[in-house]
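Chains as they are written, first to last, in our numbering: chain Z, 1 to 133; chain H, 1 to 125.
Inspection log for the structure reproduced underneath, given as structure tokens.
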């Protein structure tokens with residue numbers, strides 16, 4: 001009766017991620033999740049730094065030395081962008097939670113705007129941090 | 001023939017009245033995270049180039065200490081719910097259960113260690 005073993009009918013599968021043309025809105029949705037995962041692990045750095053401060057000056061100097069090395073700064077710069085991007089993207093999601101902002105053109109503006117805003121904010125924060133030291 | 005009433009058959013099988021709890025707490029902590037993110041950014045900018053004594057002095061300030069503890073609790077609560085959704089999306093079966101438990105353990109550890117460090121600094125050790 002059936003053409004396949006186990007008596008299963010071959011049904012069409014719904015299209016999955018890889019067959020779509022990558023769109024900015026879709027990419028921003030994935031980036032929101034990825035930045036969330038990055039921030040999940042970045043809390044290890046925050047906790048480690050707090051523990052170091054509580055442990056005393058010698059250990060703090062050691063940890064601070066690692067975090068302010070070139071590689072440490074790259075990590076922190078990336079974490080800053082991840083935090084600000086997830087925050088700005090989060091504002092967008094909170095707007096959508098109220099049932100507003102679903103106009104297709106506006107969604108495109110939000111996607112571009114959140115990306116640009118997060119990058120600009122990251123550079124501003126680091127510029128201020130270097131300016132006040 | 002059973003003596004059970006139709007009502008008895010369905011009791012305790014429905015919603016535990018907490019179906020939207022995770023959804024709601026994800027949004028609640030998201031809203032709290034907006035001012036807390038601004039606070040954290042201010043905190044780190046103020047400590048740019050600071051030495052250990054300056055870090056300890058700022059963390060020990062009661063408003064800053066409470067702000068940091070609030071940030072840790074709200075951030076970690078938010079990320080635990082978020083990571084659980086990620087695990088539920090991509091991992092299935094026993095591995096999913098193990099990872100969800102590991103997620104909770106990780107978040108508990110991060111919270112406890114951070115809060116202990118903040119309190120130790122605050123109470124002057």
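Here a beta-carbon is modelled for each residue, glycine too, at the ideal position from N, C-alpha and C.
| query | result |
| --- | --- |
| Of all Cβ atoms in chain H, is any one closer than 9 angstroms to the Cβ of residue 83 of chain Z? | yes |
| Just to confirm, are residue 65 of chain H and residue 122 of chain H a CB contact at a threshold of 9 angstroms? | yes |
| Hey, is residue 1 of chain Z's beta-carbon within less than 9 angstroms of any beta-carbon in chain H? | For residue 1 of chain Z, the predicted model reports a pLDDT of 47, less than 50, meaning its position is unreliable and no value from the coordinates is stated. |
| What is the C-beta distance between residue 32 of chain Z and residue 89 of chain Z, in whole angstroms, given that I count them as a contact (C-beta under 8 angstroms)? | 4 angstroms |
| Closer than 7 angstroms, Cβ to any Cβ of chain H: which residues of the region 28-41 of chain Z, in chain order? | 33, 36, 37, 39 and 40 |
| Are the CB atoms of residue 82 of chain Z and residue 56 of chain H within a distance shorter than 9 angstroms? | no |
| In the DSSP assignment, the alpha helix (DSSP H) including residue 120 of chain H goes from what residue to what residue? | 94-122 |
| Look at the alpha carbon of residue 39 of chain Z and the alpha carbon of residue 15 of chain Z, and state the distance between them as a whole number of angstroms. | 31 angstroms |
| Applying a beta-carbon distance threshold of less than 9 angstroms, which residues of chain Z neighbour residue 3 of chain H? | Simply none; closest approach about 41 angstroms. |
| Is the beta carbon of residue 45 of chain Z closer than 9 angstroms to that of residue 72 of chain H? | no |
| Chain H partners of residue 50 of chain Z, CB-CB under 7 angstroms? | 114, 117 and 118 |
| Have a look at residue 24 of chain Z and residue 120 of chain H and give me their C-alpha separation to the nearest angstrom. | 46 angstroms |
| In three-state DSSP terms, what is residue 4 of chain H? | coil |
| Counting along the chain, where does the alpha helix (DSSP H) carrying residue 57 of chain Z start and finish? | 57-67 |
| Using a Cβ cut-off of 7 angstroms, which residues of the region 113-125 of chain Z contact any Cβ in chain H, in chain order? | 125 |
| Pick out whichever of H:109, H:117, H:46 and H:77 has its Cα sitting closest to the Cα of residue 21 of chain H. | H:77 |
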